Amino acid sequence: MALDDVLAHLTFRERFTRRRVRFERGSGALVIQVEGEPDPVRQWLEALVKSYRGIVPVNNPSDVGAGAVEEPEETGEAEETGAGRDGGTGRSEGERGGRGDRDDQEALVVEQLQAMTEGCGYGGRVAHGLPIVFPRFAAARTALHEWQPVPTQSRPQQIGDLKRQIREAITEERRQTLPELRPRIDPLLEDPYVSEGMGGLVGLLLKVVNAFRFPHHRTVRWYGTERFPRQRTFEAVCEQLERLREEPAEAKQSLLVEALLADIDAHYGIVRRLNRARRPVLLLPDVDTVPARRIIRDRLIAAYDGESRGLRVYPVVVTTSQPGGATPEEGAGPPVPPDGLARALRERFAERVRVGELRSLGDHTPLPSRLVQVALEETPEPLPAGRPGRRILGPVTAVVTALALVASGLGVYYGFFREPESCGRGLQVHGAECLGVSDGSGVFMPGVKGMPEVFAHIAEQNRAVAGKKHATVALLIPMESDNPAVRRQILSEVQGAYLAQAGANGADAAKPPIRLVLANPGRAYGQWRTTVDQLARQEPDLRAVVGFNLSLTKTKEALAYVTNTLKLPAVASVVTADDFSNPEGRQKVPFPGLARVVSTTKDQARALLAFDPGLAGTETALVTDERPGDDYNRSLRDAFTEARAAKGRGGVQDMRFESPGVEEAGVTPNEFEDFAGNICRSNAHVVYFAGRALHLKLFVNKLATTYCREKKSYTVITGSDATTLDQRLDDGHRVLLQGDPGSGKPSVTIRYAAPAHPDAWSIELAKWQKGPGRKTQRPPLYLREAQDAMAALRRDITAQGGAIGDVYLDDGRTVVTYDVVLTASRALARAVHTSGQEVPTADRIRKDLGKLNADLRVRGASGWICLTNAGNPYNKALSVVHLEPGSKKLTFEGVAWPTGRAPAQEDDCVIPAHP
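Sequential numbering from 2 applies to the sequence shown in my numbering.
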């Protein structure tokens with residue numbers, strides 16, 4: 002076996018070679034000294050460095066590849082010892098010899114060791130691997146050679162200063178790995194699946210671990226247990242290092258060498274050892290002519306037989322000299338030829354075992370040296386191309402890679418080839434949810450009475466238009482819930498969409514007919530991307546996406562994707578947060594092609610105050626949900642805060658809580674109990690509530706059951722999400738809201754601006770007709786057309802005869818979704834007219850949406866829909882309703898207008914210059 006083959010085995014360069022030289026803990030450490038004439042030795046060393054660089058950690062002394070080494074002359078000149086890429090100075094030892102303390106042999110040894118650590122560490126790092134770091138060596142170097150005590154300081158102060166400098170040196174040394182680790186760790190810490198795992202516990206644990214990482218801990222522990230036993234504190238270790246400064250140079254050099262070896266051993270933990278990671282190579286050329294390197298070689302040999310004999314991993318130390326120029330003092334053997342090195346190593350260690358047994362019996366025969374001399378008479382043949390530098394995976398890496406490939410293959414199979422479990426035609430089970438896009442044949446929540454029936458009617462409408470030119474409209478709303486009130490709401494929205502589809506597909510309706518599909522983006526729009534991508538693939542005639550009924554961050558992401566990426570027009574229903582609307586008067590908007598049919602929360606608050614000016618002089622309280630990601634809560638809070646500030650009166654400070662989710666209570670009942678007590682002790686009789694319907698229910702229950710003799714009643718003002726509240730309250734809750742003022746329990750009335758109410762236009766029309774002098778006048782157009790639209794909707798519902806389930810109009814969801822699909826239908830019809838195509842393009846429809854005003858207004862059942870250029874409904878009517886204590890039905894109070902007034906007789910849905 003040739004010399005290069007032996008080194009390849011010793012360093013694990015070829016990881017899976019069977020016939021290798023044993024060089025691990027059981028065999029002990031060694032030093033290979035290559036002896037020969039300068040030229041062949043230098044050429045061999047150059048080839049070695051070139052072959053190993055980037056594959057095995059190896060330092061690169063500057064004199065390798067720099068020409069022949071000259072013998073030092075009597076003038077004091079010597080070879081260069083700078084480390085070049087290793088961080089050395091690049092000056093000769095002779096040059097340094099004339100510079101004060103730097104000509105001291107001890108300083109030269111430190112400089113050579115420093116160059117070795119830098120070269121074998123970051124400078125000699127392997128490809129795709131972290132560099133070896135040397136914090137123990139850095140601590141010893143700092144304490145023994147760099148730190149200088151200040152004479153004016155006390156001893157404790159000096160020890161404290163030494164401790165600080167050692168910590169800084171260790172931190173600086175370990176900092177070399179941060180550029181490598183940060184790109185790997187930061188994505189892990191920032192990944193929401195990791196940081197939010199188990200309710201955020203995983204992320205918290207990662208941050209706690211990161212906060213309690215002390216870079217110097219392991220280094221100090223090594224000094225306190227291995228080098229200075231029973232020195233348990235950092236200060237005690239510093240004291241021992243400070244005393245060692247007075248010891249002879251040999252003792253300090255030994256510590257530096259031992260620290261260097263310990264750092265290498267620490268780098269090769271159990272995973273790297275099992276993975277047979279390649280061992281480092283320490284090169285010490287010309288130990289016969291460079292005394293500092295010879296000292297290092299001898300200290301290494303001494304450490305191998307002394308303090309460092311228990312290490313698990315040793316570097317391969319390779320020295321060079323001229324024949325007989327640097328023979329060890331004890332136990333040297335004759336030089337061996339390169340092809341006899343493998344056999345010589347086995348024999349040398351077998352001999353050491355035999356002599357060791359004799360010495361244990363009292364024999365004084367010296368142990369054979371760990372240094373094995375190799376006689377290099379001529380330059381070996383260069384290594385064959387491509388050998389042995391192949392980056393072969395280690396055993397652990399190979400196993401992990403194989404498992405990862407198997408897992409990836411299974412993931413691809415289950416994700417792309419294996420059909421997910423079906424929960425209906427065109428629908429798939431994803432976790433605990435049923436997702437997908439249905440044309441009516443697959444039913445979401447088939448156990449809810451009315452859902453199978455309305456889905457069947459949608460499927461029938463779709464079959465009727467299948468053979469015609471048609472446009473597809475997708476209703477994108479969460480289609481599943483465990484809450485009965487939300488289930489009723491979902492059914493109402495699907496019924497409203499179907500009723501609008503049936504009207505758009507009537508015999509006298511404008512073209513094109515509509516194919517309606519129902520897309521479930523998951524609860525709280527959590528799986529929107531999966532569903533929207535399926536929608537885009539599955540429906541080639543898709544021309545509009547409607548729905549968007551929750552003002553959440555995920556909903557906003559879905560809306561942005563539909564309007565910006567897919568470039569489809571969108572018609573939103575009850576997303577009322579302000580940031581779900583396009584700002585007026587701008588060329589670039591966040592949601593191009595978006596139309597909204599319901600006013601924002603800000604407009605709702607403005608309309609409510611205009612409807613009841615008495616609220617402006619009332620002292621109020623604000624209870625607000627600050628859960629991140631819920632734009633409805635945030636927007637409603639901002640609107641109520643602005644309204645309270647405009648009143649110019651005080652009131653109690655905001656009462657804030659953070660719910661765990663839209664339909665999750667968490668500990669909010671406990672917080673509401675405290676809030677109710679605080680409100681009772683204030684002068685507030687009116688409470689603004691910025692939160693979801695579930696939490697509103699919990700809050701009003703606490704408000705009604707909290708003893709408060711000072712108050713007879715409360716009025717809670719909230720937003721349009723309260724439309725499901727009357728479905729959430731059972732008879733017991735309604736009794737609670739009645740209160741018992743005689744026993745100190747106030748009644749609670751909930752008041753809000755709903756997007757629609759079935760009795761709004763009949764009542765408003767009757768009010769108008771009772772006005773003075775109006776018996777002979779014709780009612781305003783906005784009243785007549787809205788009343789006609791609502792009457793038409795009621796006739797359509799009656800015509801169904803219960804075939805689509807019971808239709809519930811009071812919560813406004815059926816009416817609003819009806820108007821949403823109606824708006825999309827009107828935009829399609831307008832685009833047919835402007836484009837001359839039976840089925841216009843999505844881009845044409847986007848351009849025509851903002852024109853639906855004036856004569857092109859949408860005559861909705863919820864009132865006129867007069868869209869601005871930005872797609873916002875101008876002065877959209879809102880129904881002020883309240884739920885009286887104990888009542889089972891919402892009470893309609895009147896229609897409120899965001900501008901503060903109803904459209905004038907001559908307005909005719911014309912948008913002003915600055916809406």
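Note that the Cβ used here is the ideal one computed from N, Cα and C, for glycine as well.
No experiment lies behind these values; they were computed from the predicted model shown.
Report all residues from its chain with a CB closer than 6 Å to the CB of glutamine 323; omit the five preceding and five following residues, and keep chain order.
-> Counted from its first residue, the sequence shown places residue 323 at position 322. Once the five neighbours on either side are set aside, the close Cβ partners of glutamine 323 are Asp289.
Range of the contiguous alpha helix (DSSP H) that encloses phenylalanine 350 | Within the sequence shown, the letter at position 349 stands for residue 350. 342–361 is the extent of the alpha helix (DSSP H) around phenylalanine 350.
Three CB pairs or more closer than 8 Å across the region 518–534 and the region 559–567 = yes
Valine 653 in three-state terms, based on DSSP = Locating residue 653 in the sequence shown gives position 652, counting from the first residue. The answer is coil: DSSP assigns valine 653 none of H, G, I, E or B.
Give the secondary structure of alanine 1 by DSSP, where H, G and I count as helix, E and B as strand, and everything else as coil.
-> This structure gives no information on residue 1, because the portion of the chain shown stretches from 2 to 916.
Would you call the CB atoms of tryptophan 865 and alanine 608 closer than 8 Å?
-> Start at 1 with the first residue of the sequence shown, and residue 865 comes out as number 864. Start at 1 with the first residue of the sequence shown, and residue 608 comes out as number 607. Against a cut-off of 8 Å, the Cβ pair of alanine 608 and tryptophan 865 comes out as no contact.
Which listed residue (Pro447, Leu406, Ala475, Cys424) has its alpha carbon closest to that of aspartate 440 | Taking the first residue of the sequence shown as position 1, residue 440 is located at position 439. With distances taken between Cα atoms, aspartate 440 lies closest to Ala475.
Provide the residue(s) that pair with alanine 755 in DSSP beta bridges, ordered along the chain.
-> Position 754 of the sequence shown, counted from the first residue, corresponds to residue 755. Per DSSP, Ser880.
So, are the CB atoms of histidine 471 and arginine 524 less than 8 Å apart?
-> Taking the first residue of the sequence shown as position 1, residue 471 is located at position 470. Taking the first residue of the sequence shown as position 1, residue 524 is located at position 523. No, these two residues do not count as a Cβ contact at 8 Å.
Report the rounded CA-to-CA distance for alanine 843 versus proline 513, giving the unit in angstroms.
-> For the purposes of this step, residue 843 is taken as residue 842 along the sequence shown, with counting starting at 1. For the purposes of this step, residue 513 is taken as residue 512 along the sequence shown, with counting starting at 1. Going from the Cα of alanine 843 to the Cα of proline 513 covers about 13 Å.
Reduced DSSP category for cysteine 121 - H, G, I as helix; E, B as strand; rest coil | In the sequence shown, the residue the question calls residue 121 occupies position 120. In the structure shown, cysteine 121 sits in a helix (DSSP, three-state: H, G or I).
Counted within 10 angstroms of its Cβ, other Cβ atoms place isoleucine 171 as buried (16 or more) or exposed = Here the question's residue 171 lines up with position 170 in the sequence shown. Flag for isoleucine 171 reads buried.
Proximity of arginine 137 and alanine 260 at Cβ, strictly below 8 Å = Position 136 of the sequence shown, counted from the start, is the residue given in the question as residue 137. Position 259 of the sequence shown, counted from the start, is the residue given in the question as residue 260. Contact flag set, yes.
Between the C-alpha atoms of arginine 103 and leucine 109, what's the straight-line distance to the nearest angstrom?
-> In the sequence shown, counting from the first residue as 1, residue 103 sits at position 102. In the sequence shown, counting from the first residue as 1, residue 109 sits at position 108. Residue placement at arginine 103 cannot be trusted, given a pLDDT of 43 that sits under 50; what the coordinates show is reported in the next sentence. Those two C-alpha atoms are separated by around 7 Å.
Separation of aspartate 579 from histidine 686, as counted between CA atoms | As a first step, residue 686 is located in the sequence shown; it is residue number 685 there, counting from the start. As a first step, residue 579 is located in the sequence shown; it is residue number 578 there, counting from the start. Each residue's alpha carbon lies about 28 Å from the other.
Please list, in chain order, all residues of the same chain as tyrosine 708 whose beta carbon is under 7 Å from its beta carbon, the five residues on each side excluded.
-> Walking along the sequence shown from the start, residue 708 turns up at place 707. Counting only Cβ-Cβ distances below 7 Å, and skipping sequence neighbours, we find Gly745, Lys746.
Do you know how far the Cα of serine 748 is from the Cα of glycine 806?
-> Translated into the one-based positions of the sequence shown, residue 806 becomes position 805. Translated into the one-based positions of the sequence shown, residue 748 becomes position 747. When rounded, the distance between both Cα atoms is 35 Å.
Measuring CA to CA, which of Val314, Thr366, Ile478 is closest to valine 272?
-> To locate residue 272, count along the sequence shown from 1; it is residue 271. The shortest C-alpha separation from valine 272 is found at Val314.
Do the region 479–488 and the region 712–730 meet, that is, are 3 or more Cβ pairs less than 8 Å apart?
-> yes
Identified DSSP bridge partners for tyrosine 689 | Sequence index remark: in the sequence shown, residue 689 carries index 688 (1-based). Answer is Leu623, Ile718, bridged to tyrosine 689.
Can threonine 554 and valine 518 be called in contact, C-beta distance under 8 Å?
-> The residue you call residue 554 lines up with position 553 of the sequence shown. The residue you call residue 518 lines up with position 517 of the sequence shown. Taking 8 Å as the Cβ cut-off, threonine 554 and valine 518 do not qualify as a contacting pair.
Could you say which of Leu829, Glu674, Pro41, Tyr224 lies nearest to threonine 706 if we only look at CA atoms?
-> For this step, residue 706 is matched to residue 705 along the sequence shown. Of the candidates Leu829, Glu674, Pro41, Tyr224, the one whose C-alpha sits nearest the C-alpha of threonine 706 is Glu674.
Starting from the C-beta of arginine 902, find all residues in its chain whose C-beta is less than 6 Å away, skip the five residues before and the five after it, and write them out in chain order.
-> Along the sequence shown, one-based indexing puts residue 902 at 901. Here the set comprises nothing.
Smallest Cα separation from alanine 376: which of Pro339, Arg219, Ser836?
-> Position 375 of the sequence shown, counting from 1, holds the residue named residue 376. Nearest of Pro339, Arg219, Ser836 to alanine 376, Cα basis: Pro339.
Determine the DSSP secondary structure at glutamate 454, reduced to helix, strand or coil.
-> By one-based count along the sequence shown, residue 454 stands at place 453. Glutamate 454: helix per DSSP, three-state reduction.
Taking one C-beta from the region 828–839 and one from the region 869–884 each time, how about it: are there three or more such pairs within less than 8 Å?
-> no
Provide the residue span of the alpha helix (DSSP H) that contains tryptophan 762, from first to last.
-> Counting from one through the sequence shown, the residue named residue 762 turns up at place 761. Run containing tryptophan 762: 761–770, per the alpha helix (DSSP H) assignment.
Could you have a look at glutamate 259 and say whether DSSP puts it in helix, strand or coil?
-> Against the sequence shown, residue 259 aligns to sequence position 258. Three-state DSSP puts glutamate 259 in a helix.
Distance, Cα to Cα, valine 221 vs proline 316?
-> What you label residue 221 is simply residue 220 of the sequence shown in a count that begins at 1. What you label residue 316 is simply residue 315 of the sequence shown in a count that begins at 1. So the two alpha carbons sit approximately 23 Å from each other.
So is histidine 218 buried or exposed if we call it buried at 16+ other beta carbons inside 10 Å?
-> The residue given as residue 218 occupies position 217 in the sequence shown. Burial call: exposed.
Report all residues from its chain with a CB closer than 6 Å to the CB of leucine 500; omit the five preceding and five following residues, and keep chain order.
-> Residue mapping note: residue 500 aligns to position 499 of the sequence shown, counting from 1. Here the set comprises Asp797, Tyr819.
So what does DSSP say about phenylalanine 700, is it helix, strand or coil?
-> Along the sequence shown, read from residue 1 onward, the residue named residue 700 stands at position 699. DSSP places phenylalanine 700 in helix when its eight states are reduced to three.
Could you spell out where the alpha helix (DSSP H) holding leucine 1 opens and where it closes?
-> No information on residue 1 is available, as it lies outside the stretch 2 to 916 that the chain covers here.
Beta-carbon proximity of phenylalanine 13 to arginine 277, cut-off 8 Å = Indexing the sequence shown from 1 puts residue 13 at position 12. Indexing the sequence shown from 1 puts residue 277 at position 276. In this structure, arginine 277 lies closer than 8 Å to phenylalanine 13 by Cβ.
Between which two residues does the alpha helix (DSSP H) carrying tryptophan 223 extend?
-> Within the sequence shown, residue 223 is the residue found at index 222, counting from 1. Residues 218–223.
Between the region 566–577 and the region 808–826, are three or more C-beta pairs nearer than 8 Å?
-> yes
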